[in-house]
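Asker: Note that the UniProt record's numbering has the sequence shown beginning at 1, numbered continuously upward.
No residue lacks a Cβ here, since even glycine has one placed at the ideal position from N, Cα and C.
Being a predicted model, the structure only gives us computed values, none of them experimental.
A single structure is presented below for examination.
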Amino acid sequence: MAARSMDHTQWLAKLVAFDTTSRNSNLELIHYCKDYLEGLGVKCTLIHNAERNKANLWATLPGDGGVTKGGIILSGHTDVVPVDGQKWDSDPFTLTERDGKLYGRGTSDMKGFVAVCMSLAPSSSR
């Protein structure tokens with residue numbers, strides 16, 4: 001995939017649309033993010049669970065001069081709790097703006113943070 005810049009709200013809409021309920025695989029979302037980051041030239045590593053149906057994504061963005069020693073770790077997760085038995089006013093897997101607020105499964109824990117990180121990746125990977 002060619003890396004196309006998206007702002008944090010566009011990223012959040014994309015991430016919320018992936019049903020990463022904890023009982024499901026997260027691989028579709030993880031591969032989407034990995035492909036995007038690799039399109040920016042970012043070195044990515046996947047760490048799979050024993051069943052190989054879920055993975056963590058490690059993305060290394062080098063500093064000035066290509067330095068990768070030291071640095072900062074930004075850590076988030078993409079799994080969400082089930083919506084079973086919950087009453088939603090909108091589809092929980094579609095980002096919805098209402099009264100100046102964004103609603104969707106995972107928007108505040110933690111897909112919102114991941115969306116911000118992904119939206120900043122193009123400027124951080126130069």
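1) Between the Cα of A13 and the Cα atoms of F113, A121 and S123, which residue gives the shortest distance?
2) Just verifying my parser: in three-state terms, what is the DSSP assignment at V80?
3) Which whole-angstrom value describes the C-beta separation of S22 and V67, a residue pair presumed to lie in contact below a C-beta threshold of 8 Å?
4) Go through its chain and collect everything with a Cβ distance to T107's Cβ below 8 Å, but skip five positions before and after it.
5) Please say whether I73 and K55 have beta carbons closer to each other than 9 Å?
6) For L61, collect the residues of the same chain with a Cβ closer than 6 Å to its Cβ; drop the 5 residues on either side in sequence, then sort them by chain order.
7) Please look up how many angstroms separate the CB atoms of K34 and T78, rounded, as I've assumed it's under 8 Å.
8) For P92, is the classification buried or exposed, using 16 other Cβ atoms within 10 angstroms of its Cβ as the cut-off for buried?
9) So for K43, helix, strand or coil by DSSP?
10) What are the boundary residues of the beta strand (DSSP E) that includes T94?
Answerer: Checking against the coordinates, here is how it stands:
1) By 1-based counting over the sequence shown, the position of residue 13 is 13. If we check each option's Cα against that of A13, F113 comes out closest.
2) The sequence position of residue 80 within the sequence shown is 80, counting from 1. Strand at V80.
3) The residue you call residue 22 lines up with position 22 of the sequence shown. The residue you call residue 67 lines up with position 67 of the sequence shown. 36 Å between Cβ atoms; not a contact.
4) Position 107 of the sequence shown, counted from the first residue, corresponds to residue 107. Excluding positions up to five away in sequence, the list reads L12, V16 and L95.
5) As a first step, residue 55 is located in the sequence shown; it is residue number 55 there, counting from the start. As a first step, residue 73 is located in the sequence shown; it is residue number 73 there, counting from the start. The question names Lys, but residue 55 is Ala in the sequence shown. Result no, Cβ atoms of A55 and I73 do not sit closer than 9 Å.
6) By 1-based counting over the sequence shown, the position of residue 61 is 61. Only V42, S124 and S125 meet the Cβ criterion.
7) Numbered from its first residue, the sequence shown carries residue 34 at position 34. Numbered from its first residue, the sequence shown carries residue 78 at position 78. Between T78 and K34 the Cβ distance is about 12 Å, and since that is not below 8 Å, they are no contact.
8) Reading the sequence shown from its first residue, position 92 is the one you call residue 92. Burial call: buried.
9) For this step, residue 43 is matched to residue 43 along the sequence shown. K43 falls in the strand class under three-state DSSP.
10) Position 94 of the sequence shown, counted from the start, is the residue given in the question as residue 94. Premise fails: T94 is in no beta strand (DSSP E) and is neither H nor E.
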